[in-house]
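Q: Pasting in a structure now, in structure tokens, and then I'll have a few things to ask.
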Amino acid sequence: VSNSSSISHFLLLPLADTRQLQLLHFFLFLGISLAALLGNGLIISAVACGHHLHTPMFFFQLNLTLTDLGCICTTVPKAMQNSLWDTRNISYEGCAAQVFFFLFFISAEYYLLTIMCYECYVSICKPLHYGTLLGSRACAHMAAAAWASAFLYVLLNIVNTFSLPLCHGNALGQFFCEIPQILKLSCSHSYFRELGLLAVSVCLGFACFVFIVFSYVQIFRAVLRIPSEQGRHKAFSTCLPHLAVVSLFVSTGIFTYLKPPSISSPSLDLTLSVLYSVVPPALNPLIYSLRNQELKDGLRKIIINIFQKE
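Residue numbering for the sequence shown follows the numbering used here, starting at 153 and increasing by one per position.
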């Protein structure tokens, strides 16, 4: 029985079988990654340079932008390299690093989206207490808690996963390394340990989901009580982009991992993995941050200042 110490590399799932489709996937991923880098980079520049954007909402958006960039930079470059050079290999260490960073950024993003839901709740349901509940120190503590929780969660998972013996080959059914695919290669019988980690993951994810649903129930109730149509429109415009991002993030992830086995196929699995790992980080700047008028004004000022200096 071979174990993980005898495996020097893993084989990733190819994006396509023919050379033409491989190059098409390379340019498609290149376009998506450049769009994500541009959109998220503009947000970082606007928030960092615009003093009027130094508010709790934009502080959390800045953190969310960093997680989006991390997700894209963790999975896409290796997929592009494999498509361009017609290879499938990823080293054992590279696979472990990819698992660590992707799970770290995706977990941090989920926690940050939960915190941003709380920010929406306070801004609409408790506007008079906004400055008290979301002071600079409180925001820093909440962001630090999100990043620290993600780190501890990932550390626990990666130590458990890469300590298991692997005896079912080294081919992964995914275009990037992730824990479920590696567990399929394991010949370990430590079911209680794996079930324990699964239970922790489900409890954390479900707790955040329940908090988000409960918060939005309170938000919609408060918005519908606003007498003026203009006030309701302004309140909805504040929270609906966040709800769209959360819905895209949660729905693609849930459908990827909880879809019925009867409808599973390699092409569908590959499409869903791209949808939940690549598309949300690329679309978040468009459907969330770049639709904000204050952010647009900040970007406009930066561009005007650049041209004036030239």
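All C-beta atoms, glycine included, are put in the ideal place defined by N, C-alpha and C.
How is the alpha helix (DSSP H) around LEU214 delimited, first residue to last?
A: 208-237 is the span of the alpha helix (DSSP H), which, as asked, contains LEU214.
Q: Can you tell which of LEU182, LEU189, ALA374 and SER197 has the C-alpha that lies nearest to the C-alpha of LYS448?
A: SER197
Q: Identify whether HIS177 lies in helix, strand or coil by the three-state DSSP scheme.
A: helix
Q: In chain order, what residues of the same chain lie with their CB nearer than 8 Å to the CB of ASP238, ignoring the 5 residues before and after it?
A: Excluding residues within five positions, the ones whose Cβ falls inside 8 Å are ARG171 and GLN174.
Q: Thinking just about the alpha-carbon of each residue, which of THR408, CYS272 and GLU261 is nearest to the one in ALA300?
A: GLU261
Q: With the cut-off set at 8 Å, would you say LEU324 and LEU167 are in Cβ contact?
A: Against a cut-off of 8 Å, the Cβ pair of LEU167 and LEU324 comes out as no contact.
Q: Excluding the five sequence neighbours on either side, which residues of its own chain have a C-beta within less than 7 Å of the C-beta of ALA387, listed in chain order?
A: ILE276, VAL375 and ILE378
Q: Do PHE254 and CYS223 have their CB atoms nearer than 8 Å?
A: yes
Q: For LEU349 versus ASN312, is the C-beta spacing smaller than 8 Å?
A: yes
Q: Any idea what DSSP makes of PHE162, helix, strand or coil?
A: Here PHE162 carries a strand assignment [DSSP, helix/strand/coil].
Q: Take PHE179 as the anchor and find which of LEU422, GLN233 and GLU271 has the nearest alpha-carbon.
A: GLN233
Q: Once DSSP output is grouped into helix, strand and coil, what is the label at ASN322?
A: If DSSP states are grouped into helix, strand and coil, ASN322 belongs with coil.
Q: Roughly how many angstroms separate the alpha carbons of ASN155 and LEU451, rounded to a whole number?
A: Reliability of the predicted coordinates at ASN155 is poor, the pLDDT of 46 falling under 50, and the value obtained from them is presented with this limitation in mind. C-alpha separation (whole angstroms): 53 Å.
Q: Check whether the segment 240-251 and the segment 271-288 are in contact - that is, three or more C-beta pairs closer than 8 Å.
A: Under the Cβ criterion (8 Å, minimum of three pairs), the segment 240-251 does not count as touching the segment 271-288.
Q: Just the Cα atoms here: how many angstroms apart are VAL430 and PHE327?
A: So the two alpha carbons sit approximately 11 Å from each other.
Q: Would a C-beta distance cut-off of 8 Å place LEU265 and GLU446 closer than the cut-off?
A: no
Q: Between the C-alpha atoms of VAL153 and LEU337, what's the straight-line distance to the nearest angstrom?
A: With a pLDDT of 36 at VAL153, under the threshold of 50, the modelled position of this residue cannot be trusted, and the question is left open.
Q: Assign LYS453 to one of three DSSP states: helix, strand, or coil.
A: helix
Q: So for SER243, helix, strand or coil by DSSP?
A: strand
Q: Leaving out five residues before and five after SER157 in sequence, what residues of the same chain have Cβ atoms less than 7 Å from its Cβ?
A: Only weak support is given to the placement of SER157: the predicted model assigns it a pLDDT of 49, under 50, and the value that follows is read from those uncertain coordinates. Taken in chain order, the list of residues that qualify is empty.
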